[in-house]
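Peer 1: Each protein sequence line maps, in turn, to chains A and B.
Residue numbers are given in UniProt numbering: position 84 of the first sequence equals residue 84, and the series is strictly consecutive.
Residue numbers are given in UniProt numbering: position 29 of the second sequence equals residue 29, and the series is strictly consecutive.
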Amino acid sequence: MNERYSRQVLFPGIGKEGQEKISKKHVLIIGAGALGSGSAEILTRAGVGRLTIVDRDYVEASNLQRQQLYTEEDVAEKLPKAAAAEKRLKAINSDVEINAIIGDATPELLEELAAGVDLMLDATDNFETRMAMNDVSQKYNIPWIYGACVGSYGMSFSIIPGKTPCLNCLLRTIPLQGMTCDTGGIISPAVQMVIAHQTAEALKMLVEDWDAVRQTFVSFDLWRNQYTSLKMSKAKFAGCLSCGEDRTYPYLDSENMTKTTVLCGRDTVQIRPSKSGKISLEQLAGQLSTLGYTVKGNPYLVSVEMGEERMVIFQDGRALIHGTKDLTHAKTVYQRILG
Amino acid sequence: MNKILFFAHLRDAVGEEFLCLDASGKTVAQLKAELSEKYDLPRMDTVMTAINEEFASNDEVIQDGDEIAFIPPVSGG
């Protein structure tokens with residue numbers, strides 16, 4: 001064991017044996033935004049054996065306030081986040097095998113990446129990907145740690161197949177129009193608090209100290225001084241399609257995914273969410289105009305100007321992104337606003 | 001009586017950190033529907049509920065003295 005990890009080895013919860021275990025583990029981080037950058041940096045510094053990080057987006061100026069791996073240079077070069085993260089993580093710790101994937105974390109990709117993974121960390125910005133991670137976790141028996149934040153508010157919960165309830169038990173459905181950082185804003189301390197919870201649990205799991213793993217669902221609001229931890233033993237749902245006896249892993253089925261289609265000859269992508277439902281156009285228009293976007297609307301749709309693109313959102317959650325033919329980019333723009 | 005706590009944007013919508021009202025005998029779903037209408041609360045169907053700091057499903061019946069918390073899951077990351 002080298003000097004580099006001496007302070008962590010001194011910590012009784014880890015020790016030499018724990019460090020040895022950490023150095024042999026493979027962690028998959030989905031998302032390289034605020035949560036992903038922070039978790040990746042902590043685990044890289046901690047000396048995890050292998051780290052795979054997936055992201056579909058590129059670095060923008062509005063990321064720098066909280067996404068700790070990125071620099072102004074990355075913004076100027078419009079580097080994909082996964083590539084910029086890889087560069088920085090390798091500079092931090094050359095012992096760690098960093099595997100960066102520039103791409104959309106679809107159920108197919110997640111299943112492909114699951115082989116040999118010991119733990120998955122959630123750093124995504126939407127529930128559709130989280131539900132797919134949740135199904136992959138159950139199908140391949142890999143623990144994962146949910147984490148999310150918006151404004152000064154955040155939450156985290158560790159999901160261990162066969163032991164804890166899963167995300168589908170808690171939510172039963174994908175929340176449509178969830179709050180996102182692009183609609184509700186975000187402060188860096190809320191990000192760091194979620195990262196602290198996720199990575200502390202990650203270290204416990206990597207050293208296989210399962211008794212130490214937190215069993216409660218944590219949520220907090222740093223601005224309003226709230227902190228709660230909920231007992232979750234009653235949350236396990238016997239009829240759950242992801243972790244129950246008659247499981248079907250519904251979120252690995254492409255039928256249940258957001259559909260993206262390029263509209264012929266129009267430089268427009270149509271996005272259709274997996275679950276249709278009524279969204280409140282009035283509330284959405286209000287939120288977006290508060291944020292300074294140019295918003296127009298009528299009772300049937302909201303139209304919002306977003307730089308080069310214009311997004312038109314209908315009441316059933318369907319949207320048209322004008323000004324692009326790139327399906328992944330269009331989905332990114334959509335999920336930024338609608339979660 | 002019951003103390004009802006609100007988190008995140010629900011607290012802004014209600015305008016208070018908590019409310020005191022009598023919800024005993026009602027199910028979580030009934031209370032959600034009532035509050036949703038009275039305060040125009042968004043997306044209550046996917047908001048997680050805790051009774052006395054323990055996860056509660058929509059069909060759980062509220063008892064006198066129970067403390068209820070509404071915790072909206074968020075998606076930012």
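Note that the Cβ used here is the ideal one computed from N, Cα and C, for glycine as well.
Please report the straight-line C-alpha distance between A/Ile22 and A/Gly31, rounded to a whole angstrom.
Peer 2: Distance between the alpha carbons of A/Ile22 and A/Gly31 is about 21 Å.
Peer 1: Once the 5 residues before and after A/Gly323 are set aside, which same chain residues still bring their CB inside 7 Å of it?
Peer 2: Answer for A/Gly323: Asp267, Glu308, Glu309, Arg310, listed in chain order.
Peer 1: Return the chain-ordered list of same chain residues with a C-beta closer than 6 Å to the C-beta of A/Ile160, the five sequence neighbours on each side being excluded.
Peer 2: These residues qualify, in order along the chain: Pro143.
Peer 1: Just verifying my parser: in three-state terms, what is the DSSP assignment at A/Asp221?
Peer 2: The answer is strand: DSSP assigns A/Asp221 an E or B state.
Peer 1: Residues in the same chain with beta-carbon distance under 8 Å from A/Cys149, minus the five sequence neighbours each way, listed in chain order, please.
Peer 2: Same-chain partners within the cutoff: Ala34, Leu35, Met155, Cys181, Ile186, Ala190, Val191, Met193, Val194.
Peer 1: Considering only residues of the same chain and omitting the five flanking positions on each side of B/Lys3, which have a CB-CB separation below 8 Å?
Peer 2: Cβ within range, chain order: Phe18, Leu19, Cys20, Glu67, Ile68.
Peer 1: Taking residue 349 of chain A and A/Gln138 to be in contact with their CB atoms under 8 Å, please state how far apart those CB atoms are, rounded to whole angstroms.
Peer 2: One cannot answer for residue 349 of chain A here, as it falls past the ends of chain A, which runs 1 to 339.
Peer 1: Under 8 Å by Cβ, that's how I've got A/Gly103 and A/Val54 pegged, so tell me the actual separation to the nearest angstrom.
Peer 2: Sure, about 6 Å apart at Cβ, within 8 Å.
Peer 1: Please report how far the alpha carbon of A/Ala330 lies from the alpha carbon of B/Met1, in whole angstroms.
Peer 2: So the two alpha carbons sit approximately 49 Å from each other.
Peer 1: Which residues in chain B have a C-beta closer than 8 Å to the C-beta of A/Val150? List them in chain order.
Peer 2: Simply Ala8, Val74, Ser75, Gly76.
Peer 1: Look up A/Asp211 in the DSSP assignment and say whether it is helix, strand or coil.
Peer 2: Looking at A/Asp211 - three-state DSSP - the assignment turns out to be helix.
Peer 1: When the distance is taken between beta carbons, is A/Phe127 closer than 8 Å to B/Ser75?
Peer 2: Their beta carbons are under 8 Å apart, which means B/Ser75 touches A/Phe127 by this criterion.
Peer 1: Indicate the three-state DSSP secondary structure (helix, strand or coil) for B/Thr49 in the structure shown.
Peer 2: DSSP places B/Thr49 in strand when its eight states are reduced to three.
Peer 1: Given A/Leu110, which residues of its chain have a CB within under 7 Å of its CB, disregarding the five upstream and five downstream residues?
Peer 2: These residues qualify, in order along the chain: Ala132, Met133, Val136.
Peer 1: By Cβ distance below 6 Å, which residues in the same chain neighbour B/Asp22 in space, the five residues on each side in sequence not counted?
Peer 2: Cβ within range, chain order: Met1.
Peer 1: By the 7 Å beta-carbon criterion, what residues does the stretch 41-53 of chain B contribute toward chain A?
Peer 2: Within the stretch 41-53 of chain B, the residues whose Cβ lies closer than 7 Å to some Cβ of chain A are Pro42, Arg43, Thr46, Met48, Ala50, Glu53, listed in chain order.
Peer 1: Find the residues of chain B that neighbour A/Tyr251, judging by a C-beta separation of less than 7 Å, and give them in chain order.
Peer 2: Residues of chain B passing the Cβ test: none, with the nearest at roughly 15 Å.
Peer 1: In chain B, which residues lie less than 9 Å from A/Met232 when you measure between Cβ atoms?
Peer 2: Simply Glu54, Phe55.
Peer 1: Rounding to the nearest angstrom, what Cα-Cα distance links A/Thr129 and A/Pro107 in this structure?
Peer 2: Each residue's Cα considered, the two are about 8 Å apart.
Peer 1: Which residues bound the alpha helix (DSSP H) around A/Tyr227?
Peer 2: No alpha helix (DSSP H) holds A/Tyr227; the beta strand (DSSP E) holding it covers 226-230.
Peer 1: Buried or exposed, going by whether 16 or more other CB atoms sit within 10 Å of the CB of A/Arg66?
Peer 2: With 16 or more Cβ atoms within 10 Å of its Cβ, A/Arg66 is classed as buried.
Peer 1: Helix, strand or coil: how does DSSP classify A/Glu255 here?
Peer 2: The answer is helix: DSSP assigns A/Glu255 an H, G or I state.
Peer 1: Taking the alpha-carbon of A/Ile101 as reference, which of A/Leu79, A/Ile271, A/Asn93 has the nearest alpha-carbon?
Peer 2: The shortest Cα separation from A/Ile101 among A/Leu79, A/Ile271, A/Asn93 belongs to A/Leu79.
Peer 1: Contact check, A/Lys259 vs A/Asp316 under 8 Å by CB: the rounded distance?
Peer 2: In fact, because the Cβ distance is near 13 Å, the residues do not count as touching under 8 Å.
Peer 1: Label B/Gly77 either buried or exposed according to how many other C-beta atoms from any shown protein chain fall within 10 Å of its C-beta, with 16 as the threshold for buried.
Peer 2: The residue in question, B/Gly77, is buried, as its Cβ has 16 or more Cβ neighbours within 10 Å.
Peer 1: How is the alpha helix (DSSP H) around A/Gln287 delimited, first residue to last?
Peer 2: Residues 281-290.
Peer 1: Is the Cβ-Cβ distance between B/Leu41 and B/Ala8 less than 8 Å?
Peer 2: No. Outside cutoff.
Peer 1: If you reduce the DSSP assignment to three classes, tell me which class A/Cys149 lands in.
Peer 2: Note: A/Cys149 maps to strand in three-state DSSP.
Peer 1: Measuring only between beta-carbons, confirm whether B/Ala29 sits less than 8 Å from chain A.
Peer 2: False, the Cβ-Cβ gap to chain A never drops below 8 Å.
Peer 1: Which chain B residues sit within Cβ distance under 7 Å of A/Asp125?
Peer 2: Within 7 Å Cβ-Cβ: Ser75, Gly76, Gly77.
Peer 1: Mind checking if A/Ser280 is an interface residue toward chain B, Cβ cutoff 8 Å exclusive?
Peer 2: Answer yes: the Cβ-Cβ gap between A/Ser280 and chain B drops below 8 Å somewhere.
Peer 1: Residues of the stretch 208-229 of chain A with a CB closer than 8 Å to any CB of chain B: list them in chain order, please.
Peer 2: Hits within the stretch, in order: Phe217, Ser219, Asp221, Arg224, Gln226, Thr228, Ser229.
Peer 1: Inspect the beta-carbon positions of A/Val59 and A/Lys90 and report whether they are closer than 8 Å.
Peer 2: The answer is no: Cβ separation not under 8 Å.
Peer 1: Alpha carbon to alpha carbon, how far is A/Tyr300 from A/Thr199? Give it in angstroms, no decimals.
Peer 2: When rounded, the distance between both Cα atoms is 43 Å.
Peer 1: Out of A/Phe157, A/Cys169, A/Gly339, which has the shortest C-alpha to C-alpha gap to A/Ile271?
Peer 2: Closest option to A/Ile271, Cα to Cα, is A/Gly339.
Peer 1: What are the start and end residues of the alpha helix (DSSP H) that includes residue 340 of chain A?
Peer 2: Any property of residue 340 of chain A remains undetermined from this structure, which presents chain A solely from 1 to 339.
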